[in-house]
Structures are given as structure tokens and as C-alpha cells.
Amino acid sequence: MEEANMKDLKIILENRPGTFADIGEALGKVGINIEGGCGFPSEGKGIAHILIEDSVAARRAIEETGNKVLEEREVIVLDLEDRPGTLGQVCRRIASAGVNMELLYLATNNRLVIGVDDLGKARAAV
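So this is what it looks like as C-alpha cells:
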């Protein structure tokens, strides 16, 4: 089952200790829960993706820490059954619909976050 109204924010971070702590604290102060995310280094900076509901307040809080939100996108968030092959089945349905997956990570409570190039087709496929 898909959840509605979830957004992925792509954030560029200074690659130094405490940067993500600053973001987590800032979001917590305004009552925003990070429901999923991932991060990795890229060209001397950090790139993070976070799953949130209130993108307007989240963007404001993040940018007040001195970090920049590069992109906001609507994503598909699915409850993922914990058994071998489930991920492959979901991805195959999306691929068979001719949709390219551009982002994939796990969120809390065994949920799968998927960013695609065609939300309508992907939603119909899953």
C-alpha cells in the first residue's frame, strides 16, 4: 500500500562532523520527523536524501542551518513485505511499465522509497 503526501528532499551538506546532527536537531525543533533517508559523499561534499511530510517547514529549517536543499520531489512510499524477492518484484513491475527508477532507499517500518521519472505510470504499476 502506498502512502500519500511524502516528499524526498535532496540536500547538499558540508562534509564535516556534525552537519547532519545540525539538520536533525533543526527539524526536531519544528516538529518534523525524518521518516527515512540516506547519505553519501560526493566531490568533497555530502549528499543526503530525507523522507518527510512537511516540505515547506523542513526546507526552511534546513536552510537556516546553512545547508541547501537542491531538490524536492514527490516519491512513492510502499510498505515492503519482508521476504526474499519482494524488492525485485516491485522493481520489475516499475521497469515493465517503462519507468526509470532514479532513487531508492528504505524508510522506517520496512517501507521502500522510490523516485521515478513518471509517477503516474509507476503508481499504476505498483
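If you read the sequence shown in our numbering, its first letter stands for residue 85, the second for the next number, and so on. Glycine included, every Cβ here is placed at the ideal spot set by N, Cα and C. Keep in mind the model is a prediction, meaning the values are calculated, not measured.
Residue environment: Gly182 is assigned as exposed (fewer than 16 neighbouring CB atoms within 10 Å of its CB, all protein chains considered). Residue range Thr103 to Lys113 is occupied by the alpha helix (DSSP H) that includes Gly112, with no beta strand (DSSP E) assigned at that position. Taking a C-beta distance under 7 Å as the contact criterion, Gly199 and Asp92 qualify as a contact pair. At least 7 Å separates the beta-carbon of Ala132 from that of Ile160. In its chain, beyond the 5 residues on either side, Asn194 have a beta carbon closer than 7 Å to the beta carbon of Asp166. Annotated three-state conformation of Gly204 is helix, per DSSP. The region 119 to 163 is shown to contain whole alpha helix (DSSP H) runs of 4 or more residues at 139 to 148, in chain order. Spatial neighbours of Thr170 in its own chain (CB-CB distance under 7 Å, excluding positions within 5 residues in sequence) are listed in chain order as Leu164.
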